[in-house]
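The number in our numbering is simply the position in the sequence shown, starting from 1, with 94 added. Here a beta-carbon is modelled for each residue, glycine too, at the ideal position from N, C-alpha and C.
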Amino acid sequence: MSDVTLGGRYLAPALDAALRELEARESRAFVTDLCYGTLRHERLLNSALAPRLSAPEKLPERVRLALLAGAYELLVRGTPAHAAVHAWVEVVKRGPSRQRGLAKLVNAVLRRLRPEDLPSPPGEGSLPPWLFERFVAALGPAAAERAAAGMLRPEPLWLSASDPEPATERLRAEAVEVHPGPVSGSLRVRSPKPLRDLEAYRTGLVQPQNPSSLAVVHACGEVAGLRVLDLCGGNGVKAAALAAAGAHVTSVERDAGKLRAAARNAERLGVEFERLQWDLTTAPPLDPAPVVLLDAPCSGTGTLRTHPEIARRLTPAAVARLAELQAQLLRTAAACLAPGGRLVYAVCALTREEGPDNVAALLAREPLAREHTLVARRERFLLPEDGLDGFYVATIERASVG
Ligand SMILES: C[S@@+](CC[C@H](N)C(=O)[O-])C[C@H]1O[C@@H](n2cnc3c(N)ncnc32)[C@H](O)[C@@H]1O
95 MSDVTLGGRY LAPALDAALR ELEARESRAF VTDLCYGTLR HERLLNSALA PRLSAPEKLP
155 ERVRLALLAG AYELLVRGTP AHAAVHAWVE VVKRGPSRQR GLAKLVNAVL RRLRPEDLPS
215 PPGEGSLPPW LFERFVAALG PAAAERAAAG MLRPEPLWLS ASDPEPATER LRAEAVEVHP
275 GPVSGSLRVR SPKPLRDLEA YRTGLVQPQN PSSLAVVHAC GEVAGLRVLD LCGGNGVKAA
335 ALAAAGAHVT SVERDAGKLR AAARNAERLG VEFERLQWDL TTAPPLDPAP VVLLDAPCSG
395 TGTLRTHPEI ARRLTPAAVA RLAELQAQLL RTAAACLAPG GRLVYAVCAL TREEGPDNVA
455 ALLAREPLAR EHTLVARRER FLLPEDGLDG FYVATIERAS VG
């Protein structure tokens, strides 16, 4: 974990590497929850620990993390005190000899912790104050609290399937528990095996995808037989869903590695779409299309459940820089839209700057001619509750000619 807290690494790859050393599936699940849960709750756990520590900032990182993880086990997972305290005291005792003396402190602090030491309600206290303020500005105070608290809970395994019936059947034949998700085509599953070992995955019946991401695809409407530009296509997850729905998709992405991953994934899923490597700060060499999707790079503040490290590193200045880039990409996307066409703008972010402010600025630009007029048809924030990612999604239409 110190690779993440001190080394600046992302949690998912750091954990992936660490988990390779663990045999049992239960141990991997436990360590995964411990790492994600501790980082998601870090600020709340710090608040609970602070009154019992005279100089927490002077503690070695290993000891600080042992206290945090112990507090997470005790206060959030509800592990009995005798087990949790003993385990983390042992971790400190097995550390560098000059830190061993701190085992007594860890023992004393953890033993005195009580569930009521955690701030309540939890959402606000889980985020840096400036970020919670952005959530409030975007969503209002009650929804901001629900959003922040919602992202403290673990994510279930979400899959999407262009044909849910055979996918469900195949998954069940592999002893996977399957329930329909909240968005059409999404499935909530519990698998006894890692996803990559499932036949249903290998044969392209299913794709890991959060239902909110699938909802962005649905916001493109009926696309069968239409040309669709998937701008900032990344690994092509949305492009694949659009292609499966019968669209003729061109996925445009700056990063060559992501385009290669998109090609591999399309092959697994048995769908086809064109790919173009292009920096979308300038217009791509493509004819205007009736449907354009821009899934822009963003702060990721709607995905803190799966990327809790974002909250430790993000700054207001970074949000402002991203909003500027998004505004530029939105102008490119609008220029790619044919008269009468539909532009869907999405970010997995819960700030006004990256969402409604960007769309308002685009619409406020003087149209060159009537057929260039843009109208917002629908805009909304999807809240990160019940295992969903938080998104902002806007549908904008261009007036038709004549
Ligand atoms: C939110 S991700 C897209 C996820 C993708 N749509 C999906 O569903 O898998 C944003 C993507 O924008 C790409 N990107 C960032 N700046 C770009 C630019 N100037 N031109 C083109 N792509 C860019 C990033 O490489 C990243 O893959």
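Report the three-state DSSP secondary structure of E361 (helix, strand or coil). Locating residue 361 in the sequence shown gives position 267, where the first residue counts as 1. In this structure, E361 counts as helix in the three-state DSSP scheme.
Those residues which DSSP pairs with L251 across a bridge: Mapped onto the sequence shown, residue 251 falls at position 157. DSSP, once it has assigned bridges, lists V283 as partnering L251.
How would you write the range of the alpha helix (DSSP H) that D110 sits in, first residue to last? Within the sequence shown, residue 110 is the residue found at index 16, counting from 1. Start and end: 105-113.
Less than 8 Å between the C-beta atoms of S220 and L204, yes or no? Position 126 of the sequence shown, counting from 1, holds the residue named residue 220. Position 110 of the sequence shown, counting from 1, holds the residue named residue 204. Result no, Cβ atoms of S220 and L204 do not sit closer than 8 Å.
So, does the CB of R474 fall closer than 8 Å to a CB anywhere in chain C? Checking the listed chains, one finds no chain C in this structure; it contains a single protein chain.
On the criterion of 16 or more Cβ atoms from any shown chain inside 10 Å, does H401 qualify as buried, or is it exposed? The residue you call residue 401 lines up with position 307 of the sequence shown. The residue in question, H401, is buried, as its Cβ has 16 or more Cβ neighbours within 10 Å.
Say the cut is 7 Å; is the CB of A390 nearer than that to a heavy atom of ligand 1? Within the sequence shown, the letter at position 296 stands for residue 390. A390: yes, Cβ under 7 Å from ligand 1.
What are the partner residues of L292, as DSSP defines its beta bridges? The residue you call residue 292 lines up with position 198 of the sequence shown. Paired residue(s): none; L292 is not in a bridge.
As a quick exercise: from L477, P478, A493, F485, pick the residue whose alpha carbon is nearest that of A470. Reading the sequence shown from its first residue, position 376 is the one you call residue 470. Comparing Cα positions, the closest option is A493.
Where does K332 land, buried or exposed, given buried means 16+ other C-beta within 10 angstroms? The count along the sequence shown starts at 1 and reaches residue 332 at position 238. So K332 ends up on the buried side.
Less than 6 Å between C-beta atoms, sequence neighbours within five positions excluded: which residues of the same chain meet that for D97? By 1-based counting over the sequence shown, the position of residue 97 is 3. Excluding residues within five positions, the ones whose Cβ falls inside 6 Å are R103, A108.
Relative to ligand 1, is the shortest distance from any of its heavy atoms to the C-beta of G330 smaller than 7 Å? Walking along the sequence shown from the start, residue 330 turns up at place 236. Yes, since a heavy atom of ligand 1 falls inside the 7 Å radius drawn around the Cβ of G330.
Between S306 and ligand 3, is the CB less than 7 Å from at least one heavy atom? The ligand content of the structure shown is limited to ligand 1, which means ligand 3 is not among them.
Kindly give me the distance between the Cβ atoms of L54 and V346, rounded to whole angstroms, as I take these residues to be in contact under 8 Å. With the chain represented from 95 up to 496, any question about residue 54 goes unanswered, as that position is not in the structure.
In or out: Q420 buried (at least 16 other Cβ within 10 Å) or exposed? Your numbering for residue 420 matches position 326 in the sequence shown. Looking at its Cβ environment, which holds 16 or more other Cβ atoms inside 10 Å, Q420 is buried.
Of all the options R134, V179, L320, R415, which has the alpha carbon lying nearest to the alpha carbon of A405? The residue given as residue 405 occupies position 311 in the sequence shown. Nearest of R134, V179, L320, R415 to A405, Cα basis: R134.
Assuming R158 contacts P150 (C-beta within less than 8 Å), just tell me the rounded distance between them. Translated into the one-based positions of the sequence shown, residue 158 becomes position 64. Translated into the one-based positions of the sequence shown, residue 150 becomes position 56. Rounded, the Cβ-Cβ distance is 7 Å, consistent with contact.
Could you check the C-alpha separation between E361 and P213 for me, to the nearest Å? As a working mapping, residue 361 is identified with position 267 in the sequence shown. As a working mapping, residue 213 is identified with position 119 in the sequence shown. Distance between the alpha carbons of E361 and P213: 48 Å.
Does the distance between the C-beta of C326 and the nearest non-hydrogen atom of ligand 1 fall short of 7 Å? For the purposes of this step, residue 326 is taken as the residue at position 232 of the sequence shown. Under cutoff, so the answer is yes.
Got a sec? Which residues, its chain only, sit under 8 Å from N329 by beta carbon, not counting five neighbours each side? Residue mapping note: residue 329 aligns to position 235 of the sequence shown, counting from 1. Hits under 8 Å: K352, A355, A356, N359.
Within its chain, find whatever has a CB closer than 6 Å to the CB of G435; leave out the 5 residues flanking it on each side and keep chain order. What you label residue 435 is simply residue 341 of the sequence shown in a count that begins at 1. Correct list, in chain order: P384, R492.
Please state whether DSSP places S393 in a helix, a strand or coil. The sequence position of residue 393 within the sequence shown is 299, counting from 1. The answer is coil: DSSP assigns S393 none of H, G, I, E or B.
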